[in-house]
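Numbering (the numbering used here), first residue to last: 185 to 505. Note sheet for the following structure.
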Amino acid sequence: MSDIQSILSIAKRTIETESKAIQNLVNLLDEQFAHAVQHILESQGRVVVSGVGKSAIIASKIVATLNSTGTPAIFMHAADAIHGDLGTVQENDVVVCISKSGNTPEIKALLPLIKIGKNKLIGITGNMDSVLAKQADFALNTYVEKEACPNNLAPTTSTSAQLAMGDALAISLLELRGFSSADFAKYHPGGALGKKLYLRVADIVINNQKPQVNADSSLKEVIVEISEKMLGVTAVIENNAVVGIVTDGDIRRMLSKHDNISGLTAKDIMTSNPQSIDVDTLAVKALAVLQEKGISQLLAFDKDHYAGVVHIHNLINEGIL
């Protein structure tokens with residue numbers, strides 16, 4: 185079995201090598217990067233990102249990041265482009281080609297075809313003396329001293345640098361567009377991330393039953409209401425207004441204090457001034473209140489009207505927690 189410390193040493197060396205290379209990108213950024221961002225920002229088309237091999241995989245990730253942050257983008261494999269897929273590139277599109285060497289045969293074959301179409305070309309390369317760097321309208325330098333691979337062969341550090349440069353492009357465009365969390369939610373409607381950005385208390389309580397009893401309801405009626413509505417709580421209503429809540433915890437505490445419970449009503453065991461939340465509040469904020477107060481339920485109100493209950497289990501089921 186391999187020595188644990190040897191394994192950890194290899195892993196740490198890999199991460200240190202890549203992190204240093206990425207940090208050095210700060211020193212390689214120049215006006216070319218700023219001009220590239222400005223041109224994409226002003227473009228009426230999409231960003232078409234292309235590459236070969238591992239650079240193609242990085243290109244796909246950059247496309248995904250651009251699309252999710254407000255910049256329309258599409259992936260085009262360089263090999264496929266020179267064998268029939270060049271029609272992917274439309275008149276106003278900006279093309280980004282990624283290549284560590286900048287002299288990859290497929291990229292070299294693609295460049296004159298892009299020039300014929302008069303599309304602006306952004307090159308992301310680690311070789312500023314390459315064909316790609318020289319023919320690009322904007323050349324972004326992703327030079328790395330060495331790969332993390334001990335043979336200096338497997339694309340590791342170089343692809344990390346390419347990805348970081350792509351992120352720098354995407355985030356620059358995001359901030360310049362004033363892309364907000366609300367915009368982000370439109371592009372991420374599914375999954376827990378999207379729900380944190382758009383799901384509101386109203387979207388949850390509408391699917392729950394609405395437990396409520398009168399202030400003079402008997403203890404039996406309170407227990408039945410809590411059990412039937414399956415939220416562990418019921419609102420207590422008097423004169424058409426909520427005056428308190430009774431939780432299953434209140435029931436247990438009451439049973440430990442009273443020997444004779446036959447005459448008790450909801451008002452006798454309720455908790456006054458219950459924690460509440462507006463239905464228009466984001467569900468993730470409801471979770472924060474529940475966690476801060478150490479409770480499991482909140483009464484939800486639509487203006488001054490009791491709308492229902494949001495339970496921490498609802499938030500767990502929605503993937504918010």
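Beta carbons: idealized from backbone N, C-alpha and C, even for Gly. Quantities reported herein were computed from a predicted structural model and do not represent experimental measurements.
{"query": "For A332, count the other beta carbons within 10 Å of its own beta carbon; 16 or more makes it buried, fewer makes it exposed. Which is it?", "result": "buried"}
{"query": "Which first and last residues belong to the beta strand (DSSP E) in which L482 is found?", "result": "Q481 to D486"}
{"query": "Which residues in the same chain as A243 place their Cβ atom closer than 7 Å to its Cβ, once the five residues preceding and following it in sequence are excluded?", "result": "V233, S234, G235, F259 and I282"}
{"query": "Compute the Euclidean distance between the alpha carbons of L297 and N392, then round it to the nearest angstrom.", "result": "59 Å"}
{"query": "When you compare the CB positions of A354 and T418, do they come within less than 8 Å of one another, or not?", "result": "no"}
{"query": "Thinking just about the alpha-carbon of each residue, which of V315, E476 and Q346 is nearest to the one in Y327?", "result": "Q346"}
{"query": "Among the candidates G301, R384, G416 and R197, whose CA atom is the shortest distance from the CA of F485?", "result": "R384"}
{"query": "Where does E409 sit, in a helix, a strand or coil, going by DSSP?", "result": "helix"}
{"query": "Inspect the CB distances between the segment 469-482 and the segment 491-504 and report whether three or more fall short of 8 Å.", "result": "yes"}
{"query": "Pull up the DSSP beta-bridge partners for F288, would you.", "result": "Here residue 288 is Thr; the residue named in the question, Phe, does not match the sequence. BP columns for T288 are empty, so no partner."}
{"query": "Mapping DSSP to helix, strand and coil, what is T272?", "result": "helix"}
{"query": "Could you say which of I388, A320, L474 and V420 lies nearest to V278 if we only look at CA atoms?", "result": "A320"}
{"query": "In the DSSP output, which residue or residues are listed as bridge partners for E422?", "result": "A425"}
{"query": "Taking just the CA atoms, how far does K469 sit from A262?", "result": "46 Å"}
{"query": "From G433 to I453, what does the alpha carbon distance come to, in whole angstroms?", "result": "10 Å"}
{"query": "Going by C-alpha distance, which of V210, D187, T198 and H497 is nearest D351?", "result": "V210"}
{"query": "Grab the span of the alpha helix (DSSP H) containing A130 for me, first residue to last.", "result": "A query on residue 130 cannot be resolved here, the shown segment of the chain reaching from 185 to 505 and no further."}
{"query": "With a cut-off of 8 Å on the beta carbons, I'd call N398 and I421 a contact; round off their distance for me.", "result": "6 Å"}
{"query": "Taking the straight line between their C-alpha atoms, what separation do you get for I300 and L324?", "result": "22 Å"}
{"query": "Our contact map puts A265 next to T272 with C-beta atoms below 8 Å; I'd like the distance itself, whole angstroms only.", "result": "7 Å"}
{"query": "Would you mind reading off the limits of the beta strand (DSSP E) that contains T465?", "result": "Counting along the chain, T465 falls outside any beta strand (DSSP E), and DSSP gives it neither H nor E."}
{"query": "Label P458 either buried or exposed according to how many other C-beta atoms from any shown protein chain fall within 10 Å of its C-beta, with 16 as the threshold for buried.", "result": "buried"}
{"query": "DSSP three-state label for L403, please.", "result": "helix"}
{"query": "When you compare only the Cα positions, how much space is there between T449 and K394?", "result": "20 Å"}
{"query": "Grab me the residues of S285's own chain with a C-beta within less than 8 Å of its C-beta, minus the 5 sequence neighbours each way, in chain order.", "result": "T309, G310, N311 and S314"}
{"query": "Using beta-carbon positions only, say whether L499 and A467 come within less than 8 Å of one another.", "result": "yes"}
{"query": "On a CA-only basis, which of S456, E502 and P339 is nearest A205? Give me that one, please.", "result": "P339"}
{"query": "What whole-angstrom Cβ distance do A386 and D269 have, given they're in contact under 8 Å?", "result": "The Cβ separation is near 46 Å, so there is no contact."}
{"query": "In whole angstroms, what separates the C-alpha of K404 from that of K477?", "result": "28 Å"}
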